[in-house]
Every structure is written in C-alpha cells, then in structure tokens.
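>
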Amino acid sequence: MADLKKLAEEIVGLTLLEAQELKTILKDEYGIEPAAGGAVMMAGPAAAGEAAEEQTEFDVVLTEAGPNKINVIKEVRGITGLGLKEAKDLVEAGGKVKEGVSKADAEELKTKLEAAGAKVELK
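Residue numbers (UniProt numbering): 1 to 123.
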C-alpha cells in the first residue's frame, strides 16, 4: 500500500497550476471530479442497456470577460436585465449568467457573449 502520509504531503505542497493539472488528469483519465465542499465524486459507468439521459437544461457560465469587458457587460445586461453595477460585478467575478435554459437558447447566448469577446461554457 502507498504511504498515504507522504502522498498527502505531496498533494498539499502542489502549486495552483500543479493542482489544476492534477484535477484535469483525475477528471480526464479516471472520471473523478471534485464535488461541492471538496468531496470527491467518481463518475461511474452507465448500467448495461441503460441509455444516458440527454441533458435538456443548461447553465450559461461566463469563465472570462476577455479584452472587451465593456461589450461583455452590455451583453450581460441585455441577457439578464441586471443594472450596470450588478452586470459589471458578474462579468468581473465570472459565473452563471443564465440558469436552466434550453440547449438552443444556451447556444444563442453563448454565441452572443463570445461575439462580445467573452469565454463561455455551457454546463
């Protein structure tokens, strides 16, 4: 069995970039993703004969404002109906712009935000 104390010390000593790379490796190669609260969840394979349910609702998540932050703020205001300060805070912090929208709407919002210069993910 591996020396768990040594492994724990190595994990604690990782830089942020190394920790991000470790997260990516665990997710891509082993299907392990961190859950809320720091717990670890394993993505198990679907049972035989069970089709994976297709996602019908998506969250539009702003990951980076990009170089044209003012244009992104304008788009976020138009999408969300937020005031200028609230939209600016959302763009600077990143996060969910819209929750629980259809795939077509999510793709449309993503296209608008990316045209303004933002980086967006659909979750």
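Beta carbons: idealized from backbone N, C-alpha and C, even for Gly.
How about Val61 and Lys98: are their beta carbons less than 7 Å apart?
For Val61 and Lys98, no; Cβs fall outside 7 Å.
> Mind reading off the beta-carbon distance from Gly66 to Gly117? Whole number of angstroms is fine, and I expect it under 8 Å.
Indeed they touch by this definition, with Cβ atoms about 4 Å apart.
> Any idea which residues DSSP pairs Val91 with across the strands?
The partner list for Val91 (beta bridge, DSSP) is empty, contrary to what the question assumes.
> Would you kindly work out how many angstroms separate the C-alpha atoms of Glu108 and Ala115, rounded to a whole number?
C-alpha separation (whole angstroms): 11 Å.
> Output the distance between the C-alpha atoms of Val12 and Gly81, rounded to the nearest integer angstrom.
Using only the alpha carbons, I get a separation of about 42 Å.
> Run the CB neighbour count on Leu4, radius 10 Å, all protein chains shown included, and call it buried at 16 or more, exposed below.
With fewer than 16 Cβ atoms within 10 Å of its Cβ, Leu4 is classed as exposed.
> So is Ala87 buried or exposed if we call it buried at 16+ other beta carbons inside 10 Å?
By the neighbour-count rule (16 or more Cβ atoms within 10 Å), Ala87 is buried.
> Consult DSSP for Asp59 and reduce its assignment to one of helix, strand or coil.
Asp59 falls in the strand class under three-state DSSP.
> Can you pull the DSSP bridge partners for Leu122?
Val60, per the DSSP bridge assignment.
> Leu26 lies in the alpha helix (DSSP H); which residues open and close that run?
Looking at the DSSP string, the run of the alpha helix (DSSP H) that includes Leu26 is Leu16 to Tyr30.
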